[in-house]
Amino acid sequence: MSELFEPVLRGHDERRRAELVAAYMAVEHAAEPVPEVRFAALREPALRRALEEMLALSGRTLVRSEQTRWISGYRDDVAAELAAEPECVPPAHERAVLTLVLIHSVAIPRAAGLLADDSWLSPHPTPVEELRRRTQLPIGELEAALRRLRTAGLVAQVKAGADDAGGFVPGPQFHRLTAGARRRLQEELILAAGPDSPLAAAIRARRRGRERDRGETR
Amino acid sequence: MSVEPAVLARARARVLGAVAVGAADPVPPGTVGASDGDRVWVLPAWPDGATPALLEEYQTAPVPLDRPGQARRVLAAALRCCWTRPDDAPWPGESAAVAAVLGVYADMSRGDAVLARRWATGELRRLADTGWLLLDEASGTVRPGPRVALWAEHALPSLRDLLRRLPEPARDGDGGE
Chain A
27 MSELFEPVLR GHDERRRAEL VAAYMAVEHA AEPVPEVRFA ALREPALRRA LEEMLALSGR
87 TLVRSEQTRW ISGYRDDVAA ELAAEPECVP PAHERAVLTL VLIHSVAIPR AAGLLADDSW
147 LSPHPTPVEE LRRRTQLPIG ELEAALRRLR TAGLVAQVKA GADDAGGFVP GPQFHRLTAG
207 ARRRLQEELI LAAGPDSPLA AAIRARRRGR ERDRGETR
Chain B
880 MSVEPAVLAR ARARVLGAVA VGAADPVPPG TVGASDGDRV WVLPAWPDGA TPALLEEYQT
940 APVPLDRPGQ ARRVLAAALR CCWTRPDDAP WPGESAAVAA VLGVYADMSR GDAVLARRWA
1000 TGELRRLADT GWLLLDEASG TVRPGPRVAL WAEHALPSLR DLLRRLPEPA RDGDGGE
């Protein structure tokens, strides 16, 4: 049945095999990064390499978080290929809603020093009213976009509390970004929010440089 | 430095969720195909018969649902109507009228039946988005989704017991209002 994993699992005894399977299912299906103290296959370097091999079979890789926690995400090269396929990319209005949530919940609090530099998760909700005003989407379309983004784990709803009206924050999928993906997202947000800023010019120059390098090595 | 096609195909299958291809089309190697005769849905292959239920043994939380209780009850109401031969597997099951499913759900819930139906309608859409049900809103029918084909055989008896205890669906024609 699972011939796919057999070449990797074959060399391990029964106990290690079970540990690999448990860690694989955990990093692929957990809502948040899982602590390595609970999974031998995350703690032991040799088993962790085997786990990486299992994930690589589907274009996935391990993403480390807070030193001792792990989750899986798409390898950068795989994400780039899939992003070039229209059917694999959410429609424009869903991306627009998600971008607004990232600007309000992450970019603005980060600029104000309220959020750490390298996280895309945030406790600061984007109010629905703001989404309504800025997306210029009919309410039915906005609601459908939010429903699909929530189902995909790309946004999460925060209920209204004592001092705020609630709204939406980036969802659990943002745990699954690799370091490279987090950096690209950061750059894209700078390009979108301040296209004429010196920072944006530097990003464009660096990307041109990278493309040139790649061209020369071909 | 392009990605190996089989690796990319499995990654694509995860991005798209349970998508259908023609019954004669090949499913990517290293995935599982759930066929209803006409179409095949591409599903992930898990190692050594494991399912995401394994997370529970390790006190690890899966991705949360908005209203997990309601989602489970609506899925149960749908299976009550669509899994008509309980000795068989729930997949592919039979089509049932959405009205019958909403009726079963309303009978299972306390309180305002109109409100219960409205909530259940939204829940049917969410369950269809995630491949647990196949919803045809135009014809007002629903079927089990391809993901139920991934349920392990040993998990089915308790599910059968549970469904037997649910209210019976109304027969064709008297499920609506």
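Residue numbers (this note's numbering), protein chains in the order written: chain A, 27 to 244; chain B, 880 to 1056. Backbone N, C-alpha and C define an ideal beta-carbon position, used for all residues, glycine too. Every value quoted in this text rests on a predicted model; they were computed, and no experiment measured them.
According to the neighbour-count rule (16 or more other Cβ atoms, all chains shown, within 10 Å of its Cβ), is residue i buried or exposed?
| i | result |
| --- | --- |
| B:H1033 | exposed |
| B:A999 | buried |
| B:R1043 | exposed |
| A:E120 | buried |
| B:R1005 | buried |
| B:L1041 | exposed |
| A:P59 | buried |
| A:I97 | buried |
| B:G1024 | buried |
| B:T930 | exposed |
| A:P112 | exposed |
| A:R236 | exposed |
| A:A137 | exposed |
| A:P198 | buried |
| A:G220 | exposed |
| B:G916 | exposed |
| A:V115 | exposed |
With DSSP as the reference, identify every bridge partner of residue i, one or two as the case may be.
| i | result |
| --- | --- |
| A:I97 | A:V89 |
| A:V60 | A:W96 |
What's the gap between the Cα of residue i and the Cα of residue j?
| i | j | result |
| --- | --- | --- |
| A:E167 | B:T939 | 34 angstroms |
| B:L1003 | A:L163 | 24 angstroms |
| A:V53 | B:P943 | 15 angstroms |
| A:A231 | A:A106 | 20 angstroms |
| B:P1046 | B:A985 | 10 angstroms |
| A:R86 | A:E62 | 18 angstroms |
| A:R74 | B:T963 | 45 angstroms |
| B:A899 | B:R1022 | 14 angstroms |
| A:G193 | A:A171 | 14 angstroms |
| B:D1053 | B:G1019 | Confidence in B:D1053 is poor, its pLDDT being 48 and thus under 50, which makes the residue's placement too unreliable to answer from. |
| B:G1055 | A:G99 | Note on B:G1055: pLDDT 44, under 50, position unreliable in the model; no value is reported. |
| A:L46 | B:A968 | 29 angstroms |
| A:R233 | A:P224 | 14 angstroms |
| B:L954 | A:G139 | 44 angstroms |
| A:M27 | B:A924 | Note on A:M27: pLDDT 48, under 50, position unreliable in the model; the coordinate value appears next. For A:M27 and B:A924, the distance between alpha carbons rounds to 8 angstroms. |
| B:R946 | A:T177 | 12 angstroms |
| A:A207 | B:R959 | 44 angstroms |
| A:R160 | A:T125 | 11 angstroms |
| A:W146 | A:L128 | 8 angstroms |
| A:E70 | A:E29 | 24 angstroms |
| B:C961 | B:V977 | 10 angstroms |
| B:D1008 | B:P926 | 25 angstroms |
| B:R1039 | B:P965 | 6 angstroms |
If we cut at 8 angstroms on Cβ distances, does residue i have a partner in chain C?
| i | result |
| --- | --- |
| A:P198 | The structure shown contains no chain C; its protein chains are A and B. |
Whole beta strand (DSSP E) elements within the region 163-238 of chain A, 3-residue minimum: 181-184 and 193-196
Minimum length 4: unbroken alpha helix (DSSP H) runs contained in the region 948-1035 of chain B: 977-987 and 992-1008
Start-end ranges of the beta strand (DSSP E) lying completely within the region 90-152 of chain A, minimum 3 residues: 95-100
The region 1010-1024 of chain B: positions lying closer than 8 angstroms to chain A by Cβ: none
Chain B contacts made by the region 175-188 of chain A, where a contact means CB separation under 9 angstroms: R176, T177, A178, G179, A182 and Q183
Residues of the region 930-950 of chain B whose Cβ lies closer than 7 angstroms to any Cβ of chain A, in chain order: The residues in question are P931, L933, L934, Y937, T939, A940, P941, V942, P943 and D945.
Members of the region 102-122 of chain A that neighbour chain B once the beta carbon cut-off is set at 8 angstroms: D103, V104, E107, L108, E111, E113 and C114
Near-chain A residues of the region 911-931 of chain B - C-beta to any C-beta below 7 angstroms: Residues of the region 911-931 of chain B that bring their beta carbon within less than 7 angstroms of a beta carbon in chain A comprise A924, W925, P926, D927, G928, A929 and P931, in sequence order.
Completely contained alpha helix (DSSP H) runs for the region 894-948 of chain B, where each covers 4 or more residues: Complete alpha helix (DSSP H) runs here, min 4: 933-936.
Chain B contacts made by the region 81-96 of chain A, where a contact means CB separation under 9 angstroms: A82, L83, S84, G85 and R86
Contact residues within the region 149-165 of chain A, judged by C-beta distance below 9 angstroms to chain B: none
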